[in-house]
Amino acid sequence: MRHVIALDVGGTGMKAALVGADGALLHEARRRTGRERGADAVIESILDFAAELCAYGEEKYGQRAEAAGVAIPGIVDTERGIALFAANLGWENVPLRDLLHERLGIPVALGHDVRTGGLAEGRIGAGKGADRFLFLPLGTGIAGAIGINGVIEPGAHGSAGEIGHIVVRPGGISCGCRQSGCLERYASASAVTQAWAEASGDPEADAADCAKAVESGDPRAAEVWQHAIDALADGLVTAVTLLDPRTLIIGGGLAEAGETLFTPLRAAVEKRITFQSLPAIVPAALGDTAGRLGAGLLAWDLLEAGDRVPAQSAPQSAPESAPHDSTPEVTT
């Protein structure tokens, strides 16, 4: 059976799959990155994991994977296949595509994690059929993927869509990017977690607990939640003004709150809209499979393009995925 390797590398864990030609997830597995052991150990973990997946596919399906797609965080040069910088993994200027090609002996495509997830959402998820969309996962931080006429826009220097570092509260909380008042310091899942832990007096409380407290009518939670909603709406209206998207796709951990997030967020964005056209604001459809599905699409696109590293594009027709044979190794 024809298949490719898809690997979604995160700050603490890796999610992988073997993806069939029809888009199905044939086999799934997880592994910790082991970032506490240093950057070199993380790279070796990625190479070993990919090699194990390659061997599994050859044994299971009687043929080697034809290509691999890898989604990674940080700043990524997709054309040269280099992981330029990732603070949470401790690496700089890692030629990851070449390292994987040397280990596996197959073509490899490297992509930015959020743009790769946006590729999947645009092709087979919530953005399918939309000519202009913005995919925005609200997790530890906030980044974005801009979909325009079937293409995920990388930008001139590979950093398009970094909406999390739009300043929405000038002079506000310091950010790791060396600015103050960035959107992700107010509206990411980690920001809500920190704010709710302080407001509730429970250091173990997180954003999901805050959402539940909002639903139960806790006024402290409602205040924390509304502050996040207001900051997010300010950032989104800036994006709407610049990009004029037809659809805003919201994903990540904070989106798991469902209408506790979406109902007030839609109202807050609509309240701020003046001359702009109000886009649809919808939840992401693919959940934590988006990175793997997108990485698989990168790999298949690479083969279709004759083993060239492709732009992260999202044509309007593609097979739906049908996950099966899930065998996770480590939950992260």
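For the sequence shown, this note's numbering gives the first residue as 1469, with consecutive numbering after it. Think of the CB as a built atom: it goes at the ideal place given N, C-alpha and C, for glycine as much as any other residue.
Hey, could you find the ends of the beta strand (DSSP E) residue i is sitting in?
{"i": "residue 1673", "result": "Premise fails: residue 1673 is in no beta strand (DSSP E) and is neither H nor E."}
{"i": "residue 1500", "result": "1493-1500"}
{"i": "residue 1416", "result": "In the structure as shown, the chain starts at 1469 and stops at 1800, and residue 1416 therefore has no counterpart that could be examined."}
{"i": "residue 1514", "result": "Unbroken run through residue 1514 is the alpha helix (DSSP H), 1507-1529; no beta strand (DSSP E)."}
{"i": "residue 1751", "result": "1748-1751"}
One question on the structure: do residue i and residue j come within less than 7 Å of each other, judged by their Cβ atoms?
{"i": "residue 1663", "j": "residue 1692", "result": "yes"}
{"i": "residue 1577", "j": "residue 1754", "result": "no"}
{"i": "residue 1628", "j": "residue 1614", "result": "yes"}
{"i": "residue 1542", "j": "residue 1523", "result": "no"}
{"i": "residue 1717", "j": "residue 1621", "result": "no"}
{"i": "residue 1767", "j": "residue 1537", "result": "yes"}
{"i": "residue 1481", "j": "residue 1505", "result": "no"}
{"i": "residue 1484", "j": "residue 1494", "result": "no"}
{"i": "residue 1762", "j": "residue 1587", "result": "yes"}
{"i": "residue 1410", "j": "residue 1533", "result": "Outside the displayed span of the chain (1469 to 1800) sits residue 1410, for which this structure offers no information."}
{"i": "residue 1651", "j": "residue 1616", "result": "no"}
{"i": "residue 1681", "j": "residue 1721", "result": "no"}
{"i": "residue 1486", "j": "residue 1571", "result": "no"}
{"i": "residue 1535", "j": "residue 1574", "result": "yes"}
{"i": "residue 1544", "j": "residue 1669", "result": "no"}
{"i": "residue 1752", "j": "residue 1719", "result": "yes"}
State the start and end residues of the unbroken alpha helix (DSSP H) segment that holds residue i.
{"i": "residue 1732", "result": "1727-1740"}
{"i": "residue 1565", "result": "1564-1572"}
{"i": "residue 1703", "result": "1687-1711"}
{"i": "residue 1773", "result": "That residue, residue 1773, is in no alpha helix (DSSP H); it is neither H nor E in DSSP."}
Pull up the DSSP beta-bridge partners for residue i, would you.
{"i": "residue 1650", "result": "1635"}
{"i": "residue 1471", "result": "1488"}
{"i": "residue 1642", "result": "1648"}
{"i": "residue 1476", "result": "1483 and 1539"}
{"i": "residue 1604", "result": "1718"}
{"i": "residue 1553", "result": "1543 and 1560"}
{"i": "residue 1610", "result": "1606"}
{"i": "residue 1579", "result": "1539"}
What does a CB cutoff of less than 6 Å around residue i pick up in its chain, not counting 5 residues either side in sequence?
{"i": "residue 1509", "result": "1502"}
{"i": "residue 1779", "result": "Any reading at residue 1779 needs caution, since the residue's pLDDT is 42, under 50, leaving its predicted position unreliable; the model's value is listed next. Cβ within range, chain order: n/a, list empty."}
{"i": "residue 1679", "result": "1725 and 1728"}
{"i": "residue 1469", "result": "1529"}
{"i": "residue 1557", "result": "1503 and 1510"}
{"i": "residue 1600", "result": "1616, 1713 and 1714"}
{"i": "residue 1744", "result": "1708 and 1709"}
{"i": "residue 1598", "result": "1714 and 1715"}
{"i": "residue 1612", "result": "1602, 1604, 1629 and 1631"}
{"i": "residue 1560", "result": "1553"}
{"i": "residue 1776", "result": "Residue placement at residue 1776 is poorly supported in this model, since its pLDDT is 47, which falls under 50; the coordinates still yield a value, given next. There are no such residues."}
{"i": "residue 1665", "result": "1671 and 1673"}
{"i": "residue 1640", "result": "1648 and 1649"}
{"i": "residue 1569", "result": "1576"}
{"i": "residue 1608", "result": "1658"}
Please return the same chain residues whose Cβ sits closer than 8 Å to the Cβ of residue i, not counting the five positions on each side in sequence.
{"i": "residue 1781", "result": "The predicted model places residue 1781 with a pLDDT of 43, which falls under 50 and marks its position as unreliable; any figure quoted below should be read in that light. The residues are 1587, 1618, 1619, 1620 and 1769."}
{"i": "residue 1829", "result": "The chain is shown only over 1469 to 1800; residue 1829 falls outside these bounds and no answer can be derived."}
{"i": "residue 1740", "result": "1701, 1702 and 1705"}
{"i": "residue 1643", "result": "1633, 1649, 1650, 1652 and 1653"}
Between residue i and the rest of its own chain, which residues show a CB-CB distance below 7 Å, the 5 nearest in sequence each way excluded?
{"i": "residue 1773", "result": "none"}
{"i": "residue 1637", "result": "1649, 1654 and 1699"}
{"i": "residue 1661", "result": "1674 and 1675"}
Do the segment 1564-1571 and the segment 1537-1552 make contact, defined as three or more Cβ pairs closer than 8 Å?
yes
Pairs of beta-carbons, one from the segment 1685-1697 and one from the segment 1621-1636, closer than 8 Å: are there three or more?
no
Under 8 Å: do the segment 1672-1691 and the segment 1740-1752 share three or more Cβ pairs, one atom per stretch?
no
For the 8 Å Cβ check, are there 3 or more pairs between the segment 1578-1585 and the segment 1593-1609?
yes
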